[in-house]
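K.L.:
Residue numbers (the numbering used here), protein chains in the order written: chain X, 1 to 186; chain P, 1001 to 1186. Just so you know, even glycine gets a beta-carbon here, dropped at the ideal spot from N, CA and C. This is the structure I have questions about; it appears just below.
There are 2 protein chains.
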Amino acid sequence: MILVTHNQHKFLEYEEIFLRSKIELEWYNYEYPELQSDNLKEIVEFSLKHVSRILNRPFFLEDTGLFIDSLGGFPGPYSSYVQEKIGNMGILRLLEGISNRNARFISLIGYFDGKNFYYFDGTLEGSISYSIRGKNGFGYDPIFIPEKYDKTLAEMSIQEKNSISHRRRALDKLLGYIKNSMESIK
Amino acid sequence: MILVTHNQHKFLEYEEIFLRSKIELEWYNYEYPELQSDNLKEIVEFSLKHVSRILNRPFFLEDTGLFIDSLGGFPGPYSSYVQEKIGNMGILRLLEGISNRNARFISLIGYFDGKNFYYFDGTLEGSISYSIRGKNGFGYDPIFIPEKYDKTLAEMSIQEKNSISHRRRALDKLLGYIKNSMESIK
């Protein structure tokens, strides 16, 4: 299976999840164009179609956003850019004095089977912490506390994060779909 | 001359500038796709080519960003999205305790003459105020103080803003180009 991404952190997370499956994961390092949109589906669809014209075989790619309720869903689809520019300290500043810390990570995988396009999403509900905690993971992990936990994603091992993550949930749907379609061929 | 934009504020500003020229401005209200990029030129180029395939006659469109030095250029090309989500209060929060308030507006016009693509930029240097001031203009105008002024763009009349604005400067280059090419035809 080929993952197309320019983000090494993303590849490493997927690689760890794939270790426990019997499928081999290959990294195709390519920075594909992304559309500006409030809508993850529109963004992924555009990129998926673009890459499918270049890579003429099955692959998947994925876009993830952090959506913070009291900021109207910010930073949403622009999470990487916002992380790079204002960082986790910027997010904590924007939330100073705000008690509604509810947020969620949403990952959307786009999969091309060589012919058609498919979409699989995964969500992780949680809240934004009051300080930066933990050194694992990347991006917003040090300020995101998953529902039913009292630690941030960056205070978890990669295995623990991957057992509950948005990315893992989207991937499970993709792998379930592939398994089913293999079986239906037999 | 046709301006393609989905933003009414933008059209009204251009309309006021065109009043003083002898050229008529027509509004083509269309929300064209935009690319995610740090680079205004890449964004405008993509949209310009997209619209040129739909509108088979001369037009221009324009993208503007507010680039704040101490935030690494944030919000930059995502200025509209960031304005909608965290607003001017959000920007002031991000700059609390920060003394370097330097910022600039950059507008980039993309022009299609029916055959080729041209680009014209305009910059307005200034700084971010410590509070929201003024009711005119739109977007970041209430927190942007142009260089050599002590009021924000939102404390100016539309005529005063248009006499110095990034948008005006980019448009002057476009109109200068068109005038020259008309004369060279004669």
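Do the CB positions of P:Phe1059 and P:Phe1112 come within less than 9 Å of each other?
P.N.:
It is a contact, given that the beta carbons lie within the stated cut-off.
K.L.:
DSSP state of P:Ile1002, grouped into three classes?
P.N.:
Of the three classes helix, strand and coil, the one that applies to P:Ile1002 here is strand, per DSSP.
K.L.:
Could you compute how far the alpha carbon of P:Gln1083 sits from the alpha carbon of P:Tyr1032?
P.N.:
Spanning the two alpha carbons is a distance of roughly 19 Å.
K.L.:
On the three-state DSSP scale, how would you describe X:Asp150?
P.N.:
DSSP places X:Asp150 in coil when its eight states are reduced to three.
K.L.:
What did DSSP end up calling X:Ser163 once you bin it into helix, strand or coil?
P.N.:
Of the three classes helix, strand and coil, the one that applies to X:Ser163 here is helix, per DSSP.
K.L.:
Keeping to the same chain, check which residues put their C-beta closer than 7 Å to that of P:Asp1069; ignore five residues upstream and five downstream.
P.N.:
These residues qualify, in order along the chain: Asn1100, Asn1102, Ala1103.
K.L.:
Does DSSP classify X:Ser129 as helix, strand or coil?
P.N.:
Residue state, collapsed to three classes: coil.
K.L.:
DSSP three-state label for P:Tyr1140, please.
P.N.:
DSSP places P:Tyr1140 in coil when its eight states are reduced to three.
K.L.:
Could I get the ranges of all uninterrupted alpha helix (DSSP H) runs contained in the region 1065–1095 of chain P, with 4 residues as the minimum, in chain order?
P.N.:
The qualifying runs are 1079–1094.
K.L.:
Between which residues of its own chain and P:Ile1002 is the CB-CB distance below 6 Å, once the five residues before and five after are set aside?
P.N.:
Answer for P:Ile1002: Glu1026, Tyr1028, Phe1059, listed in chain order.
K.L.:
Would you check if the distance between the CB atom of P:Glu1155 and the CB atom of P:Gly1139 is smaller than 9 Å?
P.N.:
No; because the gap between Cβ atoms is not below 9 Å, this pair is not in contact.
K.L.:
Let me know if P:Asn1039 comes out buried or exposed under the rule of 16 or more other beta-carbons within 10 Å of its beta-carbon.
P.N.:
Per the 10 Å Cβ criterion, exposed.
K.L.:
Okay, do the region 1069–1079 of chain P and the region 1005–1013 of chain P touch, 3+ Cβ pairs below 8 Å being the bar?
P.N.:
In short, these stretches do not touch, since the Cβ pair count stays below three.
K.L.:
Have a look at P:Arg1093 and X:Asn162 and give me their C-alpha separation to the nearest angstrom.
P.N.:
The alpha-carbon atoms of P:Arg1093 and X:Asn162 are separated by roughly 34 Å.
K.L.:
Please list the partners that P:Tyr1081 has in chain X, where partner means a Cβ-to-Cβ separation under 7 Å.
P.N.:
Residues of chain X passing the Cβ test: Tyr78.
K.L.:
Based on the DSSP output, what are the partners of P:Leu1061 in its beta bridges?
P.N.:
Answer by DSSP bridge pairing, in chain order: P:Gly1110.
K.L.:
Going by DSSP, what residues sit across from P:Arg1104 in a beta bridge?
P.N.:
P:Arg1104 is bridged to P:Phe1067, P:Glu1125.
K.L.:
Grouping DSSP H, G and I as helix and E and B as strand, with all else coil, what is P:Ile1098?
P.N.:
Coil, per DSSP.
K.L.:
Taking C-alpha atoms, which residue in X:His166, X:Leu174, X:Tyr149, X:Leu108 lies nearest to X:Ser47?
P.N.:
Of the candidates X:His166, X:Leu174, X:Tyr149, X:Leu108, the one whose C-alpha sits nearest the C-alpha of X:Ser47 is X:Leu108.
K.L.:
Just the chain P side, please: which residues come within less than 9 Å of X:Glu96 by C-beta, in chain order?
P.N.:
Here the neighbours are Arg1093, Glu1096.
K.L.:
If you draw a straight line from the alpha carbon of P:Glu1125 to that of X:Met182, how long is it in whole angstroms?
P.N.:
The straight-line gap from Cα to Cα measures roughly 60 Å.
K.L.:
Name the two residues that bound the continuous beta strand (DSSP E) containing P:Tyr1028.
P.N.:
That run of the beta strand (DSSP E) goes 1026–1029.
K.L.:
Looking at the unbroken alpha helix (DSSP H) that takes in P:Gln1008, where does it start and where does it end?
P.N.:
Start and end: 1008–1019.
K.L.:
Tell me the rounded alpha-carbon separation between X:Leu12 and X:Ile91.
P.N.:
If I take the Cα positions, the gap works out to 25 Å.
K.L.:
Which residues in the same chain have their Cβ closer than 8 Å to the Cβ of P:Pro1146, if we skip the five residues on either side of it in sequence?
P.N.:
Counting only Cβ-Cβ distances below 8 Å, and skipping sequence neighbours, we find Leu1124, Glu1125, Gly1126, Leu1153, Ile1164.
K.L.:
Going along chain X, which residues have a C-beta under 8 Å from P:Gln1008?
P.N.:
Result: empty, since nearest Cβ-Cβ is about 19 Å, beyond 8 Å.
K.L.:
Does the Cβ of P:Lys1085 have 16 or more other Cβ atoms within 10 Å, making it buried, or fewer, making it exposed?
P.N.:
Looking at its Cβ environment, which holds 16 or more other Cβ atoms inside 10 Å, P:Lys1085 is buried.
K.L.:
Please classify P:Leu982 as buried or exposed, where buried requires at least 16 other C-beta atoms within 10 Å of its C-beta.
P.N.:
Beyond the ends of chain P as shown, which are 1001 and 1186, falls residue 982 of chain P; an answer cannot be given.
K.L.:
Taking the beta carbon of P:Asn1056 as the centre, do at least 16 other beta carbons fall within 10 Å, making it buried, or is it exposed?
P.N.:
It counts as exposed.
K.L.:
P:Ile1023 by DSSP, collapsed to three states: which one?
P.N.:
Here P:Ile1023 sits in coil by DSSP.
K.L.:
So, is P:Tyr1081 buried or exposed, given that buried needs 16 or more other C-beta atoms within 10 angstroms?
P.N.:
Buried, since its Cβ has 16 or more Cβ neighbours within 10 Å.
K.L.:
Compare the C-beta of P:Phe1046 against all C-beta atoms of chain X and say whether one is closer than 9 Å.
P.N.:
Taking Cβ atoms only, chain X reaches closer than 9 Å to P:Phe1046, which makes this a yes.
K.L.:
When the distance is taken between beta carbons, is X:Glu62 closer than 9 Å to X:Val51?
P.N.:
Taking 9 Å as the Cβ cut-off, X:Val51 and X:Glu62 do not qualify as a contacting pair.
K.L.:
Would you please verify whether the beta carbon of P:Asp1038 is less than 9 Å from any beta carbon of chain X?
P.N.:
Interface residue, yes.
K.L.:
Let me check one thing: in DSSP terms, what residues is X:Leu48 bridge-paired to?
P.N.:
Looking at the DSSP assignment, X:Leu48 forms no beta bridge with any residue, so it has no partner.
K.L.:
When you compare the CB positions of P:Leu1174 and P:Tyr1118, do they come within less than 9 Å of one another, or not?
P.N.:
Taking 9 Å as the Cβ cut-off, P:Leu1174 and P:Tyr1118 qualify as a contacting pair.
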